[in-house]
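Input: a single structure, listed below in C-alpha coordinates.
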(Lines of atoms letter the chains of each structure in order from A; the text may use other names.)
(Lines give C-alpha, C1' and ligand atoms only; values in the text may rest on other atoms or scores of the structure.)
Protein backbone atom coordinates (compact mmCIF):
# COMPACT_ATOMS: atom_id res chain seq x y z
CA UNK A 1 0.00 0.00 0.00
CA UNK A 2 1.84 3.08 -1.19
CA UNK A 3 1.07 6.18 0.87
CA UNK A 4 1.11 8.35 -2.26
CA UNK A 5 -2.10 6.72 -3.47
CA UNK A 6 -4.03 6.89 -0.20
CA UNK A 7 -6.62 9.45 0.74
CA UNK A 8 -7.49 9.10 4.45
CA UNK A 9 -10.25 11.73 4.24
CA UNK A 10 -12.02 9.87 1.43
CA UNK A 11 -11.47 6.61 3.31
CA UNK A 12 -13.15 8.11 6.40
CA UNK A 13 -16.22 9.08 4.35
CA UNK A 14 -16.46 5.64 2.76
CA UNK A 15 -15.89 3.91 6.11
CA UNK A 16 -18.64 5.93 7.77
CA UNK A 17 -21.08 4.73 5.12
CA UNK A 18 -19.81 1.13 5.30
CA UNK A 19 -19.93 1.04 9.11
CA UNK A 20 -23.66 1.82 8.87
CA UNK A 21 -24.26 -0.61 6.02
CA UNK A 22 -22.17 -3.50 7.43
CA UNK A 23 -21.46 -2.79 11.11
CA UNK A 24 -19.95 -6.24 11.77
CA UNK A 25 -17.73 -6.48 8.66
CA UNK A 26 -14.20 -6.40 10.08
CA UNK A 27 -12.72 -5.73 6.63
CA UNK A 28 -14.13 -2.20 6.58
CA UNK A 29 -12.51 -1.32 9.91
CA UNK A 30 -9.21 -3.01 9.03
CA UNK A 31 -8.99 -1.18 5.71
CA UNK A 32 -9.46 2.21 7.39
CA UNK A 33 -6.95 1.35 10.14
CA UNK A 34 -4.46 0.15 7.53
CA UNK A 35 -4.83 3.35 5.52
CA UNK A 36 -4.18 5.40 8.64
CA UNK A 37 -1.15 3.22 9.47
CA UNK A 38 0.22 3.43 5.93
CA UNK A 39 0.31 7.23 6.14
CA UNK A 40 1.73 7.25 9.69
CA UNK A 41 -1.45 8.28 11.50
CA UNK A 42 -0.95 5.74 14.27
CA UNK A 43 -3.34 7.32 16.79
CA UNK A 44 -6.26 7.23 14.34
CA UNK A 45 -5.43 3.61 13.48
CA UNK A 46 -5.50 2.74 17.19
CA UNK A 47 -8.87 4.49 17.58
CA UNK A 48 -10.35 2.39 14.77
CA UNK A 49 -9.10 -0.79 16.46
CA UNK A 50 -10.64 0.40 19.76
CA UNK A 51 -13.91 1.05 17.93
CA UNK A 52 -13.81 -2.54 16.67
CA UNK A 53 -13.44 -3.80 20.25
CA UNK A 54 -16.28 -1.56 21.47
CA UNK A 55 -18.56 -2.91 18.75
CA UNK A 56 -17.50 -6.54 19.24
CA UNK A 57 -15.98 -6.79 15.77
CA UNK A 58 -12.96 -9.06 15.40
CA UNK A 59 -10.64 -9.86 12.51
CA UNK A 60 -9.74 -13.48 11.90
CA UNK A 61 -5.99 -14.11 12.18
CA UNK A 62 -4.07 -14.97 9.03
CA UNK A 63 -4.12 -18.74 8.66
CA UNK A 64 -2.60 -21.03 6.04
CA UNK A 65 -3.02 -24.75 5.48
CA UNK A 66 -0.84 -27.28 3.69
CA UNK A 67 -1.40 -31.02 3.23
CA UNK A 68 1.67 -33.21 3.72
CA UNK A 69 1.44 -37.02 3.76
CA UNK A 70 -2.37 -36.92 3.85
CA UNK A 71 -2.40 -34.71 6.93
CA UNK A 72 -3.47 -31.06 7.05
CA UNK A 73 -1.10 -28.72 8.87
CA UNK A 74 -2.33 -25.26 9.83
CA UNK A 75 -0.26 -22.19 10.58
CA UNK A 76 -1.48 -18.99 12.18
CA UNK A 77 0.46 -15.75 11.87
CA UNK A 78 3.09 -15.59 14.62
CA UNK A 79 2.10 -19.00 16.03
CA UNK A 80 4.88 -21.08 17.56
CA UNK A 81 2.85 -24.16 18.56
CA UNK A 82 3.75 -26.46 15.66
CA UNK A 83 5.94 -29.36 16.87
CA UNK A 84 8.53 -28.55 14.18
CA UNK A 85 8.52 -24.77 14.74
CA UNK A 86 12.28 -24.61 15.38
CA UNK A 87 13.05 -26.32 12.06
CA UNK A 88 10.39 -24.24 10.29
CA UNK A 89 11.80 -20.99 11.70
CA UNK A 90 15.34 -22.01 10.72
CA UNK A 91 14.11 -22.74 7.19
CA UNK A 92 12.37 -19.34 6.96
CA UNK A 93 15.59 -17.68 8.11
CA UNK A 94 17.73 -19.56 5.56
CA UNK A 95 15.21 -18.81 2.80
CA UNK A 96 15.39 -15.11 3.65
CA UNK A 97 19.17 -15.19 3.29
CA UNK A 98 18.96 -17.03 -0.04
CA UNK A 99 16.31 -14.82 -1.60
CA UNK A 100 17.99 -11.61 -0.44
CA UNK A 101 21.11 -12.73 -2.33
CA UNK A 102 19.14 -12.75 -5.59
CA UNK A 103 17.37 -9.43 -5.10
CA UNK A 104 14.50 -9.82 -2.63
CA UNK A 105 13.96 -6.74 -0.48
CA UNK A 106 11.50 -7.12 2.43
CA UNK A 107 8.50 -4.86 1.90
CA UNK A 108 8.19 -3.60 5.46
CA UNK A 109 5.48 -1.13 4.43
CA UNK A 110 3.12 -4.11 4.75
CA UNK A 111 3.73 -4.19 8.51
CA UNK A 112 1.20 -1.66 9.67
CA UNK A 113 2.49 -1.20 13.19
CA UNK A 114 4.58 1.60 14.63
CA UNK A 115 7.76 -0.43 15.26
CA UNK A 116 11.41 -0.31 14.15
CA UNK A 117 12.33 -1.65 10.71
CA UNK A 118 14.15 -4.74 12.05
CA UNK A 119 11.03 -5.63 14.06
CA UNK A 120 8.93 -5.16 10.92
CA UNK A 121 11.16 -7.57 9.01
CA UNK A 122 10.90 -10.14 11.82
CA UNK A 123 7.12 -9.73 11.78
CA UNK A 124 7.03 -10.55 8.06
CA UNK A 125 8.88 -13.82 8.74
CA UNK A 126 5.98 -15.00 10.90
CA UNK A 127 3.27 -14.68 8.26
CA UNK A 128 1.30 -17.91 8.02
CA UNK A 129 1.99 -18.61 4.35
CA UNK A 130 5.76 -18.34 4.87
CA UNK A 131 5.53 -20.80 7.75
CA UNK A 132 3.47 -23.19 5.60
CA UNK A 133 5.93 -22.90 2.70
CA UNK A 134 8.91 -23.55 4.98
CA UNK A 135 7.16 -26.57 6.50
CA UNK A 136 6.36 -27.90 3.02
CA UNK A 137 9.97 -27.50 1.94
CA UNK A 138 11.36 -29.43 4.92
CA UNK A 139 8.64 -32.10 4.80
CA UNK A 140 8.44 -33.08 1.13
CA UNK A 141 10.91 -34.45 -1.41
CA UNK A 142 12.74 -31.99 -3.63
CA UNK A 143 10.68 -30.99 -6.65
CA UNK A 144 7.31 -31.71 -5.02
CA UNK A 145 4.81 -28.92 -5.71
CA UNK A 146 3.52 -27.13 -2.60
CA UNK A 147 -0.20 -26.40 -2.34
CA UNK A 148 -1.26 -23.86 0.25
CA UNK A 149 -4.62 -22.35 1.15
CA UNK A 150 -4.82 -19.02 2.98
CA UNK A 151 -7.93 -17.52 4.57
CA UNK A 152 -7.02 -13.89 3.81
CA UNK A 153 -5.52 -12.05 0.86
CA UNK A 154 -1.78 -12.68 0.55
CA UNK A 155 0.17 -9.52 1.40
CA UNK A 156 2.50 -7.94 -1.13
CA UNK A 157 5.62 -8.96 0.76
CA UNK A 158 4.58 -12.61 0.98
CA UNK A 159 3.70 -12.56 -2.71
CA UNK A 160 7.12 -11.14 -3.60
CA UNK A 161 8.97 -13.51 -1.25
CA UNK A 162 7.10 -16.53 -2.63
CA UNK A 163 8.16 -15.64 -6.17
CA UNK A 164 11.79 -15.59 -5.06
CA UNK A 165 11.35 -18.78 -3.00
CA UNK A 166 9.95 -20.61 -6.04
CA UNK A 167 13.09 -19.59 -7.92
CA UNK A 168 15.74 -20.53 -5.33
CA UNK A 169 14.07 -23.83 -4.40
CA UNK A 170 13.04 -24.78 -7.94
CA UNK A 171 9.58 -25.55 -6.55
CA UNK A 172 6.15 -24.94 -7.94
CA UNK A 173 4.05 -23.23 -5.26
CA UNK A 174 0.29 -23.01 -5.69
CA UNK A 175 -1.39 -20.70 -3.21
CA UNK A 176 -5.11 -20.06 -2.95
CA UNK A 177 -5.95 -16.89 -1.04
CA UNK A 178 -9.44 -15.50 -0.46
CA UNK A 179 -9.49 -13.89 -3.91
CA UNK A 180 -7.62 -16.09 -6.37
CA UNK A 181 -5.11 -18.80 -7.14
CA UNK A 182 -1.44 -17.84 -7.38
CA UNK A 183 0.79 -20.26 -9.27
CA UNK A 184 4.46 -19.49 -8.60
CA UNK A 185 7.07 -21.03 -10.90
CA UNK A 186 10.70 -19.97 -11.31
CA UNK A 187 10.16 -16.53 -9.77
CA UNK A 188 6.97 -15.67 -11.65
CA UNK A 189 3.33 -15.69 -10.51
CA UNK A 190 0.40 -16.53 -12.76
CA UNK A 191 -1.45 -13.41 -11.57
CA UNK A 192 1.12 -11.18 -13.26
CA UNK A 193 1.51 -9.34 -9.94
CA UNK A 194 -2.06 -8.10 -10.12
CA UNK A 195 -4.35 -9.34 -7.41
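Residue numbers (full-length UniProt numbering): 1 to 195. Note that CB positions come from ideal geometry on N, CA and C, so glycine has one too.
In this structure, residue 173 lies away from residue 64, with their beta-carbon atoms at least 9 angstroms apart. In its chain, beyond the 5 residues on either side, 77, 78 have a beta carbon closer than 7 angstroms to the beta carbon of residue 126.
Every alpha helix (DSSP H) of 4 residues or more that sits fully in the UniProt domain "DYW" (103-195) is shown, in chain order, as 117-125, 128-139, 156-169. Non-local beta-carbon contacts of residue 130 in its own chain, meaning distances under 7 angstroms to residues more than five positions away in sequence, involve 92, 158, 161 in chain order. The alpha-carbon of residue 88 is positioned some 24 angstroms away from that of residue 178. Assignment of beta-bridge partners to residue 71 by DSSP yields 68. Counted as a single uninterrupted DSSP element, the alpha helix (DSSP H) harbouring residue 14 occupies residues 8-21. Looking at the backbone, the Cα of residue 165 and that of residue 73 are separated by about 20 angstroms.
At the C-beta level, residue 99 and residue 168 come within 9 angstroms of one another. Just so you know, the alpha carbons of residue 59 and residue 151 end up roughly 11 angstroms apart. Ranking 90, 10, 137 by CA distance to the CA of residue 171 puts 137 first. Per the DSSP secondary-structure output, residue 63 pairs in a beta bridge with 76.
In the structure shown, residue 81 falls within a coil segment according to DSSP collapsed to helix, strand and coil. Judged by beta-carbon spacing, residue 95 lies beyond the 9 angstroms limit of residue 135, meaning their Cβ atoms are not closer than that value.
Inclusion of residue 61 and residue 128 in the CB contact set at 9 angstroms is warranted, their separation being smaller than that value.
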